[in-house]
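Asker: Counting from 1, position 175 in the sequence shown corresponds to residue 184 in our numbering; the numbering is continuous, with no gaps. By construction, the Cβ of each residue, glycine as well, lies at the ideal position given by its N, Cα and C atoms.
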Amino acid sequence: HFGMLCLMESLYCFLLAGPAMRTWMECRFPETADSIQSRFGFHRLRCRIRFARVLARLLDAGVAEDDALIVSAKVSGNSRIKRKIAAAVAEVRAGAGLLAALEKVELDEDFYFRINAARSSGQSLVEALEDWMESTRARAEYRERVTVNLLSTSFIIYNAALIGTFGYCVFHIEWQLINMTMMW
């Protein structure tokens, strides 16, 4: 029971405490924070949004592609994305195009389509990716609500079962005591 209480407390703190708790955890225990965050799909989506937003702004500002990828990787806040972007940076420096290198990052097809369309039409990447970022943000919020609701419901069911078991034990003892006194 104590282990379950610790799990409940840590998950609620990590999910509901907001950016302050996440930042503290990332500073104190970066590997642990990253492994916890990577378990939740909504966090991975938010990291992708941060990466795409910074990348689009840097590329629109005329920053070199490899430098833009490096800075975007640092801003993303996810070690998996950072490792994938390191491979993409190596490909860009080897002479591959940005789109070919970005396929290492494994974002969705809509992202690649919008970047390709923006490149061929001359539209800014920020404008081209705005709808993609908005839809991805909506999916992240939905997944976060579902995760929090599922965790809350499962913890409520656990607590109800624990209270029910405790109540049954108390009343079962009283029932046995009443039955024993009836025999006397």
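Measure the C-alpha to C-alpha separation of H10 and A169 and round it to an integer number of angstroms.
Answerer: So the two alpha carbons sit approximately 13 Å from each other.
Asker: Taking just the CA atoms, how far does R152 sit from F51?
Answerer: Cα to Cα, F51 sits roughly 5 Å from R152.
Asker: Measuring only the C-alpha atoms, how far is M189 from P39?
Answerer: So the two alpha carbons sit approximately 60 Å from each other.
Asker: Quick check on DSSP: helix, strand or coil for R48?
Answerer: If DSSP states are grouped into helix, strand and coil, R48 belongs with coil.
Asker: Look at the Cβ atom of E115, then the Cβ atom of K93, and state whether they are nearer than 9 Å.
Answerer: Yes, the Cβ-Cβ distance between E115 and K93 is below 9 Å.
Asker: Take V63 and list the residues in its own chain whose beta-carbon comes closer than 7 Å to its own, dropping the five residues that flank it on each side.
Answerer: These residues qualify, in order along the chain: V80, S81, V84.
Asker: Return yes when the Cβ of A96 is within less than 9 Å of the Cβ of K113, no when it is not.
Answerer: Yes, the pair counts as a contact, with Cβ atoms nearer than the cut-off.
Asker: Nearest-angstrom Cα distance between V179 and I187?
Answerer: So the two alpha carbons sit approximately 13 Å from each other.
Asker: Can you tell which of M30, C56, L67, M192 has its C-alpha closest to the C-alpha of R89?
Answerer: Out of M30, C56, L67, M192, C56 has the C-alpha closest to the C-alpha of R89.
Asker: For a test of the three-state rule: what should DSSP assign to Q185, helix, strand or coil?
Answerer: Correct three-state label for Q185: helix.
Asker: Thinking C-alpha only, which one of M13, G104, W184 is nearest E74?
Answerer: The residue with the shortest Cα to Cα distance from E74 is G104.
Asker: For the alpha helix (DSSP H) that contains E74, what are its first and last residues?
Answerer: Counting along the chain, the alpha helix (DSSP H) containing E74 begins and ends at 74 to 85.
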